[in-house]
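J.: Chains as they are written, first to last, in the numbering used here: chain F, 108 to 293; chain W, 2 to 361. Ideal Cβ placement from N, Cα and C applies to all residues, glycine included.
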Amino acid sequence: MKEEIIIAGFGGQGVLSMGKILAYSGVMQDMEVSWMPSYGPEMRGGTANVTVILSDEKISSPILHEFDTAIILNQQSLDKFEPQVKPGGMLIYDGNGITKHPSRKDISIYRIDATEEAAKMRSSKTFNMIVLGGYLKVKPVVEIENVIKGLKKSLPDRHHHLIPINQKAIERGMGIVQTVQELVQA
Amino acid sequence: MRELKLMKGNEAIAQAAIRCGADGYFGYPITPQSEIMETLMAEAPWDTTGMVVLQAESEIASINMVYGGAGCGKKVMTSSSSPGISLMQEGLTYLAGSELPCVVVNVVRGGPGLGTIQPAQSDYFQAVKGGGHGDYKLITLAPASVQEMADFVEIAFDLAFKYRNPAMILSDGVIGQMMEKVELAEQKPRWTMEYIEKNHTWATTGKKKGQERRVITSVQLESSVQEEFNFKLQAKYREIEKNEVLYEKIMCDDAEYLFVAYGSSARICQKAIEIARSKGIKAGMLRPITLYPFPIQQLQELAKQVKGMLSVEMSAGQMVEDVRLAVNGKVPVEHYGRFGGTIHSPNEVVEALEQKLIGG
Numbered sequence: 108m109k110e111e112i113i114i115a116g117f118g119g120q121g122v123l124s125m126g127k128i129l130a131y132s133g134v135m136q137d138m139e140v141s142w143m144p145s146y147g148p149e150m151r152g153g154t155a156n157v158t159v160i161l162s163d164e165k166i167s168s169p170i171l172h173e174f175d176t177a178i179i180l181n182q183q184s185l186d187k188f189e190p191q192v193k194p195g196g197m198l199i200y201d202g203n204g205i206t207k208h209p210s211r212k213d214i215s216i217y218r219i220d221a222t223e224e225a226a227k228m229r230s231s232k233t234f235n236m237i238v239l240g241g242y243l244k245v246k247p248v249v250e251i252e253n254v255i256k257g258l259k260k261s262l263p264d265r266h267h268h269l270i271p272i273n274q275k276a277i278e279r280g281m282g283i284v285q286t287v288q289e290l291v292q293a
Numbered sequence: 002m003r004e005l006k007l008m009k010g011n012e013a014i015a016q017a018a019i020r021c022g023a024d025g026y027f028g029y030p031i032t033p034q035s036e037i038m039e040t041l042m043a044e045a046p047w048d049t050t051g052m053v054v055l056q057a058e059s060e061i062a063s064i065n066m067v068y069g070g071a072g073c074g075k076k077v078m079t080s081s082s083s084p085g086i087s088l089m090q091e092g093l094t095y096l097a098g099s100e101l102p103c104v105v106v107n108v109v110r111g112g113p114g115l116g117t118i119q120p121a122q123s124d125y126f127q128a129v130k131g132g133g134h135g136d137y138k139l140i141t142l143a144p145a146s147v148q149e150m151a152d153f154v155e156i157a158f159d160l161a162f163k164y165r166n167p168a169m170i171l172s173d174g175v176i177g178q179m180m181e182k183v184e185l186a187e188q189k190p191r192w193t194m195e196y197i198e199k200n201h202t203w204a205t206t207g208k209k210k211g212q213e214r215r216v217i218t219s220v221q222l223e224s225s226v227q228e229e230f231n232f233k234l235q236a237k238y239r240e241i242e243k244n245e246v247l248y249e250k251i252m253c254d255d256a257e258y259l260f261v262a263y264g265s266s267a268r269i270c271q272k273a274i275e276i277a278r279s280k281g282i283k284a285g286m287l288r289p290i291t292l293y294p295f296p297i298q299q300l301q302e303l304a305k306q307v308k309g310m311l312s313v314e315m316s317a318g319q320m321v322e323d324v325r326l327a328v329n330g331k332v333p334v335e336h337y338g339r340f341g342g343t344i345h346s347p348n349e350v351v352e353a354l355e356q357k358l359i360g361g
């Protein structure tokens, strides 16, 4: 198994930490992992993205220009990364603020209204975990039990009391993800 | 097996420095390597091993603090990124000229000038040809993974002390910023004063009664003496070239075309090999792990086997000159690479191989 993922959005949406939790989940599942961020501007409020690779085998390049999965959290990132999804791959996006929706016919597309759901849950910081839940529902690359272990590893001890709410957000994401278009697996 | 951690290359450098028993780190922040000092400050090793961590007022101050620490026989290091490393060149040539050991980490970013904070490999010449004045060399190690970032700190210190010469870890923004699994070494104790006095008989540890005066200097105004010293240095470099070459061969057994790449470019080339082989092109790679000393002999051997070599570097073409010198016209040697902070894709590398060497 090898899954090459780009996660992209605005700085502050939890793009890098979502990638880190996913990568740590992979470590907990004895996989090889790499996490390569766009660095610099994201700390200053620009666009942020991170490439995460989960694999059963040693990972060659941590830098990629095409992906199995794109997890997209804003319009700029959608415009940039939709063309970089491999044919037959998948794209999952948050519909908030999107005016030009994905249009490719050769990939599977899913939508998750996580911004809206996070507002309903009155917990905007769990936004990224809702998205992660949606992605894992469609593609269960790591087991939820390992995601929780990954959360424990990547959060400092003082934040461990937040694990249950994050777990709830992941479950909520699994419940609300919608299929826009699904390719029939050959 | 010890616990596997997920961390950035820069964090791994810091953790490894503490664990190998380093005595001091002196640095000044610059992207993309600031996590090295940030991690050291957060770990506060002065409370545990006694290691000193100090943010100096500049890169020039940092390298001169290293000069002082090294003169006392201590395991000291600094780190920076390209523009900061340029500022350290005077200190580096003085360290080499005084035969002092130290470790310098360069997490390379795009240049010239202040350039960009994005990754590059355009400081190759500066690292391996000696960026300061005079005939000297830096032992140069090029890690290609987070694990190697951790492992090479101790290797670099060992080589630096074995040859009494500065050693550089030449990394880049990709390897510094990416996270991978890493297994850290066990904590080693720092050297005691007794150990240093017994083993580093050149170190200025304070003159004892009856002991001969030890002088650490790089100045020798008598030309004949300076030439003698240079002969001694050159003999040392020949020893290093004979004994310390490190490299990795990947898919070379049946290779008809060879990538030569180090650091993050070597990772990208590994993917390029997969792509090339799926197209029926028998590609392999020689990855120099030490850039100085350079794996000249290994390239000469491979030149008997392959039809051409492509030096892949995030620069306008620097290491390619050393590959050409090694191969000496035996097979065509071309360069490919994006630069100025842009990273080549594995597909672009394969296309370059096809266009420049195979003639597609």
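What runs of the beta strand (DSSP E), each 3 residues or longer, lie entirely inside the segment 60-102 of chain W?
T.: As far as the segment 60-102 of chain W is concerned, its whole beta strand (DSSP E) runs of at least 3 residues are 77-81.
J.: Starting from W/Met179, find everything on chain F with Cβ-Cβ shorter than 8 Å and list it in chain order.
T.: Here the neighbours are Ser141, Trp142, Met143, Pro144 and Pro169.
J.: Is F/Val245 near F/Met197, with beta carbons less than 8 Å apart?
T.: In this structure, F/Met197 lies closer than 8 Å to F/Val245 by Cβ.
J.: Helix, strand or coil for W/Ala204? Go by DSSP, reduced to three states.
T.: W/Ala204: coil per DSSP, three-state reduction.
J.: On a CA-only basis, which of W/Gln227, W/Met38 and W/Gly338 is nearest W/Ser82? Give me that one, please.
T.: If we check each option's Cα against that of W/Ser82, W/Met38 comes out closest.
J.: For W/Asn348, go through chain F and note every residue whose CB falls closer than 9 Å to its CB, in chain order.
T.: Neighbours of W/Asn348 on chain F, chain order: His172 and Glu173.
J.: Please list the partners that W/Glu275 has in chain F, where partner means a Cβ-to-Cβ separation under 7 Å.
T.: Correct list: Ser167.
J.: Give the secondary structure of F/Lys109 by DSSP, where H, G and I count as helix, E and B as strand, and everything else as coil.
T.: Looking at F/Lys109 - three-state DSSP - the assignment turns out to be strand.
J.: My parser needs the alpha helix (DSSP H) runs of 4 or more residues fully inside the segment 291-350 of chain W; what are they?
T.: Counting only runs of 4 or more, we get 297-304 and 320-328.
J.: Could you tell me the alpha carbon to alpha carbon distance between F/Asn235 and F/Gly118, rounded to whole angstroms?
T.: F/Asn235 and F/Gly118: Cα-Cα distance of roughly 12 Å.
J.: Find out if the Cβ-Cβ distance for the pair F/Leu239, F/Leu171 is shorter than 8 Å.
T.: No.
J.: Name the two residues that bound the continuous beta strand (DSSP E) containing W/Thr50.
T.: W/Thr50 -> no beta strand (DSSP E), and no H or E assigned at all.
J.: Can you give the Cα-Cα distance for W/Ser146 and W/Gly10, rounded to whole angstroms?
T.: Near 7 Å, if we compare the C-alpha coordinates of W/Gly10 and W/Ser146.
J.: Using the beta-carbon count (16 or more within 10 Å), is W/Asp152 buried or exposed?
T.: Buried.
J.: With C-beta atoms as the reference, is W/Val334 less than 8 Å away from W/Ser312?
T.: In this structure, W/Ser312 lies closer than 8 Å to W/Val334 by Cβ.
J.: With contact counted as at least three CB pairs below 8 Å, one residue from each stretch, are the segment 111-121 of chain W and the segment 171-185 of chain W in contact?
T.: Yes, the segment 111-121 of chain W is in contact with the segment 171-185 of chain W.
J.: Take the Cβ of W/Val67 as the centre, count every other Cβ of all protein chains shown within 10 Å, and call the residue buried at 16 or more, exposed below.
T.: So W/Val67 ends up on the buried side.
J.: So, helix, strand or coil for W/Ile274, using DSSP?
T.: If DSSP states are grouped into helix, strand and coil, W/Ile274 belongs with the helices.
J.: Would a check of beta-carbon distances place W/Leu115 closer than 8 Å to chain F?
T.: It does not: the Cβ of W/Leu115 has no partner Cβ on chain F nearer than 8 Å.
J.: Measure the alpha-carbon distance for W/Gly207 versus W/Val53 and round it to whole angstroms.
T.: The alpha-carbon atoms of W/Gly207 and W/Val53 are separated by roughly 20 Å.
J.: Determine which residues of the segment 119-133 of chain F have a Cβ less than 8 Å from any Cβ of chain W, and write them out in chain order.
T.: Those would be Lys127, Ala130 and Tyr131, in chain order.
J.: If you measure between the beta carbons of W/Leu139 and W/Tyr29, is that distance less than 8 Å?
T.: No; because the gap between Cβ atoms is not below 8 Å, this pair is not in contact.
J.: Are there 16 or more other CB atoms within 10 angstroms of the CB of F/Leu161, so buried, or fewer, so exposed?
T.: Result: buried.
J.: State the start and end residues of the unbroken beta strand (DSSP E) segment that holds W/Ala256.
T.: First-last for W/Ala256: undefined, no H or E at that position.
J.: Going by Cα to Cα distance, which pick from W/Val154, W/Met150 and W/Ala186 is closest to W/Asp173?
T.: Of the candidates W/Val154, W/Met150 and W/Ala186, the one whose C-alpha sits nearest the C-alpha of W/Asp173 is W/Met150.
J.: Any residues in the segment 250-283 of chain W with a beta carbon nearer than 9 Å to a beta carbon of chain F? Which ones, in chain order?
T.: Going along the segment 250-283 of chain W in chain order, one finds Ser265, Arg268, Ile269, Cys270, Gln271, Lys272, Ala273, Ile274 and Glu275 with a Cβ nearer than 9 Å to chain F.
J.: Expressed to the nearest angstrom, what Euclidean distance is found between the alpha-carbon atoms of W/Lys76 and W/Ser265?
T.: Distance between the alpha carbons of W/Lys76 and W/Ser265 is about 28 Å.
J.: Quick one: grab the DSSP three-state call for W/Gln227.
T.: W/Gln227: helix per DSSP, three-state reduction.
J.: Look at the alpha carbon of W/Glu91 and the alpha carbon of W/Leu247, and state the distance between them as a whole number of angstroms.
T.: Going by the C-alpha atoms only, they are around 28 Å apart.
J.: Which full runs of the beta strand (DSSP E) of 3+ residues lie inside the segment 151-191 of chain W, going along the chain?
T.: Correct list: 167-173 and 180-184.
J.: Taking the continuous beta strand (DSSP E) assigned at F/Leu243, which residues delimit it?
T.: Where F/Leu243 is concerned, there is no enclosing beta strand (DSSP E), although the alpha helix (DSSP H) it sits in stretches over Phe234 to Val245.
J.: So W/Val183 packs on W/Ala13, CB below 8 Å; how close in whole Å?
T.: Confirmed, Cβ separation roughly 5 Å.
J.: From W/Cys362 to W/Pro144, what does the alpha carbon distance come to, in whole angstroms?
T.: Past the edges of chain W, shown from 2 to 361, lies residue 362 of chain W, and the structure says nothing about it.
J.: Check the Cβ-Cβ distances between W/Ile37 and every residue of chain F, and say whether any is below 8 Å.
T.: It does not: the Cβ of W/Ile37 has no partner Cβ on chain F nearer than 8 Å.
J.: For F/Ser162, write down the residues that DSSP places opposite it in a beta bridge.
T.: DSSP, once it has assigned bridges, lists F/Lys109 and F/Glu139 as partnering F/Ser162.
J.: Could you tell me which residues DSSP pairs with F/Ile199 in its beta bridges?
T.: DSSP output for F/Ile199 lists F/Ile178 and F/Tyr217 as bridge partner(s).
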